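Encoded as structure tokens, the structure appears first; notes follow it.
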Amino acid sequence: MYDGLLQVRTGGNQLGISSSTLVVFADDVAVVTTGHTTRILEDVTNNAPAAVTEWMDRAELSLSVEKTEAIILTNKRGYERPDFRIRGTSIEIKDQIRYLGIELHRVLGFRAHIEAAASKALSTSQALSKIMPNVGGSGQQKRRLMSTVVLSKLLYAAPIWSVALVFDRNIQSILRPQRTIALRTAMAYRTVSTAAIMVVAGVVPAHLLAWERTERYEIRRDPNKAALEKEIREEVLKKWQIEWDKEVTGRWTWRFIRDAKSWFNRRSGAVDFHLTQVLTGHGCFRQYLKRMGKLDVSSCIDCQAVIDDAEHAIFVCDRWWRDRRTLEATLGQCLRPENFVELMMGSPDNWKVISKFINNLLSTREEEERIRQRR
């Protein structure tokens, strides 16, 4: 039926002076017009709806004038406001309207849309977090699957508004809900930095995913689409690596996972509550607990080392030397932060034995710390 509407001549198309176009989706009709001056814009915009209403009368359809909205998209600070009318009824000109899920603002920016999308995505992240506790619950793969719901809300129509991501403020807005769900995906403490948790959880930052969707949209009809999409994904991972290398926060995690691409593309191995503590340095380590106000001292209670952090507990503490040597004998190498992840990804068996060592060590430390705090 709407094929006939799209063929309606709305007039007003004069090169360099004015234009008029119809956009139809479901039962919504958008009249998109341009005008070199206010008077021209007013005439063109009023003529187009008149042509539309005439077609609707012939098709025995009615137009809801009271639901009709108008917005002027311009970068001009001051201009004479036009008077838009449909059959004598004045149409309200708004500063912001919502069309097909996109928040359009008069100053040609998408800040309002990004804020609205981020707010909805954050609500979804918080709701999902309630069913994804750090201890127990689903494994990482299922958590990653659930996290896609957040990304779907966050990145809706990204090819339209991704241009606004040149501003850091907008990037931070869309990273906020993604960070919330990434923390639960990797079962991490909330104190972990955004950059670090994205890498540990294996979640490409939202602003890079928005760029990727925009690039993929541009080549959607290209005969070499599949090959080009692979190239785009490679470029996304390169951009992520550059950001990760330059990042100021999460440097302990960077010692473990220097190559974000290899970690992201690994075929096996999932992180859990204890492994994430080691990779982030945020967990049952006395230096961290002191920083969080849980303890007064940061020294190791087992060997009296001055600093009890993740590096000391996993790679140095004398209490665990026997278990550590047994693990290293199995792996055939000495365990260090710099080769920890490489050894884990070496084989599924390596991942299992290292995870077992970590889980045993941290479970014991957690239980003993709980007993001490109850005294």
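Per UniProt numbering, the sequence shown starts with residue 1, numbered consecutively.
The beta carbon of each residue, even a glycine, is placed where N, CA and C say it ideally should be.
Just so we're clear, the structure is a prediction, and the values are computed from it rather than from any experiment.
Classified as buried, residue 312 has 16 or more neighbouring CB atoms from the shown chains inside 10 Å of its CB. Cβ-Cβ distances below 6 angstroms link residue 44 to 12, 18, 20, 33, 35 in the same chain, with the five nearest sequence neighbours on each side left out; the list follows chain order.
Here DSSP, grouped into helix, strand and coil, assigns residue 333 to coil. If the five residues before and after residue 72 are omitted, its C-beta is found closer than 7 angstroms to the C-beta atoms of 93, 106, all from its own chain and listed in chain order. Secondary structure of residue 174 (DSSP, three-state): helix. Nearest in C-alpha terms to residue 346, of all of 31, 357, 358, 332, is 332. Contact between residue 194 and residue 179 holds: their C-beta atoms lie close to 5 angstroms from each other, under 8 angstroms.
Taking a contact as a CB-CB distance under 8 angstroms, the pair residue 362 and residue 274 counts as one, their CB atoms being some 4 angstroms apart. Of the candidates 145, 103, 283, 218, the residue whose Cα lies closest to the Cα of residue 367 is 283. Per the coordinates, the alpha-carbon of residue 205 lies some 42 angstroms from the alpha-carbon of residue 82.
Counting only the Cα atoms, residue 87 lies some 18 angstroms from residue 5. In the DSSP assignment, residue 373 falls within the unbroken alpha helix (DSSP H) covering 348–374.
Closest in alpha carbon position to residue 207, among 349, 161, 272, is 161. Of the other Cβ atoms in all chains shown, 16 or more fall within 10 Å of the Cβ of residue 185; this residue is therefore buried.
The criterion of a C-beta distance shorter than 8 angstroms is satisfied by residue 99 and residue 30. If you check the CB distance, residue 140 and residue 270 come in under 8 angstroms. In the structure shown, residue 248 adopts coil according to DSSP, grouped into three states. Residue 177 and residue 118 have their alpha carbons spaced roughly 6 angstroms apart.
Annotation: residue 96 is outside any alpha helix (DSSP H); the continuous beta strand (DSSP E) that includes it extends over 96–99.
With a threshold of 16 other beta carbon atoms within 10 Å, residue 64 falls short and is exposed. If only uninterrupted alpha helix (DSSP H) runs of at least 4 residues are considered, those enclosed by the segment 262–304 are 273–280, 286–291. Distance between residue 277 and residue 121, taken at the CA atoms: about 26 angstroms. Within a 10 Å sphere around the beta-carbon of residue 308 sit 16 or more other beta-carbons, which makes this residue buried.
In chain order, 249, 250, 253, 280 place their CB closer than 7 angstroms to the CB of residue 196, counting only its own chain and leaving out the 5 sequence neighbours on each side. Short of 8 angstroms from the beta carbon of residue 75, and not among the five residues preceding or following it, lie these beta carbons of its own chain, in chain order: 107, 108. Taken in chain order, the whole beta strand (DSSP E) runs of length 3 or more contained in the UniProt domain "Reverse transcriptase" (1–104) are 18–25, 28–35, 96–99.
When the Cα atoms are used, residue 38 and residue 24 turn out to be separated by approximately 25 angstroms. Linking residue 49 to residue 128 through their CA atoms gives a straight-line distance of about 45 angstroms. Secondary structure at residue 169: helix, using DSSP grouped into helix, strand and coil. Residue 156 sits in coil when the DSSP states are folded into three classes, being neither helix nor strand. Less than 8 angstroms divides the Cβ of residue 147 from the Cβ of residue 203.
Out of 85, 89, 104, 8, the CA that lies nearest to the CA of residue 57 is found in 8.
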